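Novice:
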Amino acid sequence: MPEPLLRVEDVVKRFGGIIAVNHMSMEVYENEILGLIGPNGAGKTTLFNCITGVYKPEEGRIIFQNEDITGLPPHVIIQKGIARTWQKVRPFKKLTVLEAVTVGALLRTPDVDEARETAKEILEFIGIEKSRWNRLGSEITLIEHKLVDLARALATRPKLILLDEVAAGLRPHEMDELAKVLLKVREEYKLTLIVVEHVMRFVMGLSERIVVMHEGKKIAEGRPEEVANNPRVVEAYLGTKPL
Amino acid sequence: MPGTLSKKLALTKERLYSLVGLAIVLALVPVFLGFNFYYVLLATNVMLAASLVAAWNIIGGYAGQLDLAASAYMALGAVITGHLLASFGLTPWIGMFIGAAVAVGVAVLVGYPTFRFGIKEVWYALLTSALVVIMMRIYYLIYGSFETYIPHMEPEWLYLTFRRYEVYYYMLATMLVIIIWVNLKIKDSKLGYYLAAIREDELAAEALGIDVRRYKLYALMIYAALAGLVGGIYITLTGILSFRLFDPWLGIVTAVMGIVGGLGSIGGAVLAAVILRSLEEYLRGAIGATYPGSHLLVYGLILILVGVLKPEGLASLLDYLKKKIIRR
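Respectively, the protein sequence lines represent chains B and U.
Under the numbering used here, think of the first position of the first sequence as 101, with each following residue one higher.
Under the numbering used here, think of the first position of the second sequence as 1138, with each following residue one higher.
1) Report all residues from its chain with a CB closer than 7 Å to the CB of A1191 (chain U); omit the five preceding and five following residues, and keep chain order.
2) So with Cβ pairs under 8 Å, would you call G204 (chain B) a contact of chain U?
3) Between the C-alpha atoms of R323 (chain B) and I310 (chain B), what's the straight-line distance to the nearest angstrom?
4) Given a limit of 8 Å on CB to CB distance, which residues of the stretch 1311-1333 of chain U reach chain B?
5) Helix or strand or just coil, what does DSSP make of K220 (chain B)?
6) Please tell me whether A1356 (chain U) has its Cβ less than 8 Å away from any Cβ of chain B.
7) Assuming contact is defined by CB atoms lying nearer than 8 Å, are K1327 (chain U) and L254 (chain B) in contact in what I supplied?
8) Whole beta strand (DSSP E) runs in the stretch 161-201 of chain B with 3 or more residues, listed along the chain?
9) Within the continuous beta strand (DSSP E) that includes G1388 (chain U), where are the two ends?
10) Would you please verify whether the beta carbon of L1382 (chain U) is less than 8 Å from any beta carbon of chain B?
11) 8 Å is my cut-off, CB to CB: does A1362 (chain U) come that close to chain B?
12) I need the straight-line Cα distance from Y1154 (chain U) to S1453 (chain U), nearest angstrom please.
13) For G1248 (chain U) versus L1400 (chain U), is the C-beta spacing smaller than 8 Å?
14) Note the first and the last residue of the continuous beta strand (DSSP E) segment covering I1424 (chain U).
15) Under 8 Å by Cβ, that's how I've got P1385 (chain U) and V1270 (chain U) pegged, so tell me the actual separation to the nearest angstrom.
16) Measure the Cβ-Cβ separation of A336 (chain B) and P139 (chain B) and say whether it is below 8 Å.
17) Quick check for students: name the residue ranges of the alpha helix (DSSP H) that lie wholly in the stretch 1283-1318 of chain U, counting only runs of 4 or more.
18) Under three-state DSSP, which class holds V112 (chain B)?
19) Around the C-beta of K1150 (chain U), are 16 or more other C-beta atoms found within 10 angstroms, so that it is buried, or is it exposed?
20) Starting from H314 (chain B), trace the alpha helix (DSSP H) both ways and give me its first and last residue.
21) Answer with buried or exposed for F148 (chain B), where buried requires no fewer than 16 other C-beta atoms within 10 angstroms of its C-beta.
22) Between the Cα of G269 (chain B) and the Cα atoms of B:I163, B:W186 and B:R161, which residue gives the shortest distance?
23) Cβ of A1344 (chain U) within 8 Å of Cβ of V203 (chain B)?
24) Do you know how far the Cα of P1429 (chain U) is from the Cα of R1414 (chain U)?
25) Do you know offhand how far L1268 (chain U)'s Cα is from A1206 (chain U)'s?
26) Just to confirm before moving on: does the CB-CB distance between I1441 (chain U) and H1432 (chain U) stay below 8 Å?
27) Name, in chain order, the residues that DSSP records as bridge partners for M124 (chain B).
28) Return the Cβ separation of G1450 (chain U) and G1398 (chain U) in integer angstroms, given the expectation that the two are a contact with Cβ distance under 8 Å.
29) Between K290 (chain B) and G1368 (chain U), what straight-line distance do the alpha-carbon atoms span, to the nearest angstrom?
30) Under three-state DSSP, which class holds E287 (chain B)?
31) Going by DSSP, what residue range makes up the alpha helix (DSSP H) through V295 (chain B)?
32) R232 (chain B) and I222 (chain B) look like a contact to me (Cβ under 8 Å); what is the Cβ gap, rounded to whole Å?
33) Quick one: which residues of the stretch 152-185 of chain B get their C-beta closer than 7 Å to a C-beta of chain U? List them in chain order.
34) Output needed in chain order: residues of the stretch 107-132 of chain B with a Cβ under 9 Å from some Cβ in chain U.
35) Hey, how far is the Cα of G153 (chain B) from the Cα of L1189 (chain U)?
36) For a test of the three-state rule: what should DSSP assign to P1139 (chain U), helix, strand or coil?
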């Protein structure tokens, strides 16, 4: 096995008496698409927030490229190369599409013109029409929001992107479009993706490997079809058989 | 390198022309007022308000923090410049920069913990409003209710003790143009983009690598420095040092003008300051004497009307006019 890009080691995160993430461990390898699934309240988003620095885990370590990044603030984590998108879109409403992506690109350069050029390249690559670039964040559709969110994250030149429920609220054909964009983006920018998702069709089709979380722990791991037939996973989602 | 420096100082053509146009108009105002003492004083007061609102636009408009302490930073600049002049005979040309530096120091002392503990929105407004009162009490503890007067000193140009208001008018008008220029430069820079992102969504901004606390503090420091400089010029105009300079009402009015102007629009902010400040004085003169206090009533009604009819502020009106002109 090659050295993993990201290693989550025995991470614990509590909120008062509730243990949201309970001794969770997993590895993510370079250039793969990892699906992270689990029923509601399994701790997926909390784990995301621990990795991206929004929360500081109580126990355990998070290692990225052989460097301990546990507890670093979000603006430092992204400099190391971990970007994210949001479950609930967080648009810059009064900025245009182009300006929003430029903000992301400014992480790697102090020069606004240069950042704007980077932003244009990424928007073009992702496939947002030029006529939409000068629209404000308050004027675009949900799928465009998701794409802009992705473009913003890409503009920071990450190695790993964490996608938090990107498919939520999208129509089936929009999901297919998004999946295509994600595959294209991974190819072009040599990215690794972690996809947290509820929409099974989307995540099963896109991921090469799946990690299943339940009650803050990893209960299964493997290729999509293996995981789907794992009795523990079925149990976590549907409950036990009635006697 | 001179090449990069001149690039850093330059503005886009359209903006440069607007700024030069504004400077010419401002330069001609006293001529149109016939160098009338009273009217020039009024115009000076309008410049003062506009400068303060333009400085506030950096923290309030760009960074989106509802700061009500404009008068605290202005008064700090004023009392330090004033006392250095009155007690030590130090020229305000140097004093105002010391005043501005102290204002920045206080801004850091207050801003660092404020942003560290994530105080924002109404709580930030309350905190900054309290800051004005606290500064006022501190001044009161030191100097009591005594008022210190700055004597007339020669040469006038060194001690800024002129007998005519035109000079003060031109100083504040120059200050206004400089502050607008600073605003425009910030808007086009990395700092401007980052402040806008912070204003729109702090969490998303942080996830894109923006050190939110640090950039908020930068905005606060620039704003405090500019407000302090404005205060330094203002004190040479009035010449009276008193705890009343720390005026909570002025802090609120500054924010109100900035909001009426349309958050983040420097043109709207300055326009709002000019209109509202002139209107306030006009109403005071026209009806304030007959029915004391009624000018504030009318003033308040106008603010409500603007809020209802143009919640986006005067900036949206400016945009509308610009589009109309371009279409022709």
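No residue lacks a Cβ here, since even glycine has one placed at the ideal position from N, Cα and C.
Just so we're clear, the structure is a prediction, and the values are computed from it rather than from any experiment.
Specialist: Put simply:
1) Here residue 1191 (chain U) refers to the residue found at position 54 when the second sequence is read from its first residue. Only L1313, I1316, I1317, N1320, I1403, A1406 and V1407 meet the Cβ criterion.
2) Position 104 of the first sequence holds residue 204 (chain B). Judged by the 8 Å Cβ criterion, G204 (chain B) is in contact with chain U.
3) Sequence index remark: in the first sequence, residue 323 (chain B) carries index 223 (1-based). Sequence index remark: in the first sequence, residue 310 (chain B) carries index 210 (1-based). Roughly 6 Å separates the two Cα atoms.
4) Within the stretch 1311-1333 of chain U, the qualifying residues are D1325, S1326, K1327, Y1330, Y1331 and A1333.
5) Locating residue 220 (chain B) in the first sequence gives position 120, where the first residue counts as 1. The answer is helix: DSSP assigns K220 (chain B) an H, G or I state.
6) Mapped onto the second sequence, residue 1356 (chain U) falls at position 219. Taking Cβ atoms only, chain B never reaches closer than 8 Å to A1356 (chain U), which makes this a no.
7) Your numbering for residue 1327 (chain U) matches position 190 in the second sequence. Your numbering for residue 254 (chain B) matches position 154 in the first sequence. Taking 8 Å as the cut-off, the Cβ atoms of K1327 (chain U) and L254 (chain B) do not count as close.
8) 182-184
9) The sequence position of residue 1388 (chain U) within the second sequence is 251, counting from 1. Here G1388 (chain U) belongs to no beta strand (DSSP E); instead the alpha helix (DSSP H) covers P1385 to G1398.
10) Numbered from its first residue, the second sequence carries residue 1382 (chain U) at position 245. No, because no Cβ of chain B sits closer than 8 Å to the Cβ of L1382 (chain U).
11) Position 225 of the second sequence holds residue 1362 (chain U). Closer than 8 Å: no.
12) Counting from one through the second sequence, the residue named residue 1154 (chain U) turns up at place 17. Counting from one through the second sequence, the residue named residue 1453 (chain U) turns up at place 316. Distance between the alpha carbons of Y1154 (chain U) and S1453 (chain U): 21 Å.
13) For the purposes of this step, residue 1248 (chain U) is identified with residue 111 of the second sequence, where counting begins at 1. For the purposes of this step, residue 1400 (chain U) is identified with residue 263 of the second sequence, where counting begins at 1. Against a cut-off of 8 Å, the Cβ pair of L1400 (chain U) and G1248 (chain U) comes out as no contact.
14) The sequence position of residue 1424 (chain U) within the second sequence is 287, counting from 1. Going by DSSP, I1424 (chain U) is part of no beta strand (DSSP E) at all; its letter is neither H nor E.
15) Translated into positions along the second sequence, residue 1385 (chain U) becomes position 248. Translated into positions along the second sequence, residue 1270 (chain U) becomes position 133. Yes, P1385 (chain U) and V1270 (chain U) are in contact; Cβ-Cβ is about 6 Å, under 8 Å.
16) For the purposes of this step, residue 336 (chain B) is identified with residue 236 of the first sequence, where counting begins at 1. For the purposes of this step, residue 139 (chain B) is identified with residue 39 of the first sequence, where counting begins at 1. Going by C-beta atoms, A336 (chain B) is nearer than 8 Å to P139 (chain B).
17) 1293-1296
18) Walking along the first sequence from the start, residue 112 (chain B) turns up at place 12. DSSP places V112 (chain B) in the strand class (E or B) of the three-state scheme.
19) For the purposes of this step, residue 1150 (chain U) is identified with residue 13 of the second sequence, where counting begins at 1. Exposed.
20) For the purposes of this step, residue 314 (chain B) is taken as the residue at position 214 of the first sequence. Note, H314 (chain B): premise wrong, no alpha helix (DSSP H); beta strand (DSSP E) at R309 to H314.
21) The residue given as residue 148 (chain B) occupies position 48 in the first sequence. With 16 or more Cβ atoms within 10 Å of its Cβ, F148 (chain B) is classed as buried.
22) What you label residue 269 (chain B) is simply residue 169 of the first sequence in a count that begins at 1. It is B:W186 whose Cα lies nearest to the Cα of G269 (chain B).
23) Position 207 of the second sequence, counting from 1, holds the residue named residue 1344 (chain U). Position 103 of the first sequence, counting from 1, holds the residue named residue 203 (chain B). In this structure, V203 (chain B) does not lie closer than 8 Å to A1344 (chain U) by Cβ.
24) Taking the first residue of the second sequence as position 1, residue 1414 (chain U) is located at position 277. Taking the first residue of the second sequence as position 1, residue 1429 (chain U) is located at position 292. Straight-line Cα distance between these residues: approximately 18 Å.
25) Along the second sequence, one-based indexing puts residue 1268 (chain U) at 131. Along the second sequence, one-based indexing puts residue 1206 (chain U) at 69. Using only the alpha carbons, I get a separation of about 7 Å.
26) Taking the second sequence and counting its residues from 1, one reaches residue 1441 (chain U) at position 304. Taking the second sequence and counting its residues from 1, one reaches residue 1432 (chain U) at position 295. Not in contact: I1441 (chain U) and H1432 (chain U) (Cβ atoms no closer than 8 Å).
27) The sequence position of residue 124 (chain B) within the first sequence is 24, counting from 1. DSSP output for M124 (chain B) lists B:V111 as bridge partner(s).
28) Position 313 of the second sequence, counted from the start, is the residue given in the question as residue 1450 (chain U). Position 261 of the second sequence, counted from the start, is the residue given in the question as residue 1398 (chain U). The pair is a contact, with the Cβ atoms about 5 Å apart (cut-off 8 Å).
29) As a position in the first sequence, residue 290 (chain B) is number 190, starting the count at 1. As a position in the second sequence, residue 1368 (chain U) is number 231, starting the count at 1. Using only the alpha carbons, I get a separation of about 55 Å.
30) For the purposes of this step, residue 287 (chain B) is taken as residue 187 along the first sequence, with counting starting at 1. E287 (chain B): helix per DSSP, three-state reduction.
31) Position 195 of the first sequence holds residue 295 (chain B). Here V295 (chain B) belongs to no alpha helix (DSSP H); instead the beta strand (DSSP E) covers T292 to V296.
32) As a first step, residue 232 (chain B) must be located in the first sequence, where it is residue number 132. As a first step, residue 222 (chain B) must be located in the first sequence, where it is residue number 122. Contact doesn't hold; Cβ gap of about 14 Å is too wide.
33) T152, P174, H175, I178, Q179 and R184
34) none
35) Taking the first residue of the first sequence as 1, we reach residue 153 (chain B) at position 53. Taking the first residue of the second sequence as 1, we reach residue 1189 (chain U) at position 52. If I take the Cα positions, the gap works out to 38 Å.
36) By one-based count along the second sequence, residue 1139 (chain U) stands at place 2. For P1139 (chain U), the predicted structure reports a pLDDT of 45, less than 50, and the residue's modelled location is therefore unreliable. A value from the coordinates is still provided. Helix.
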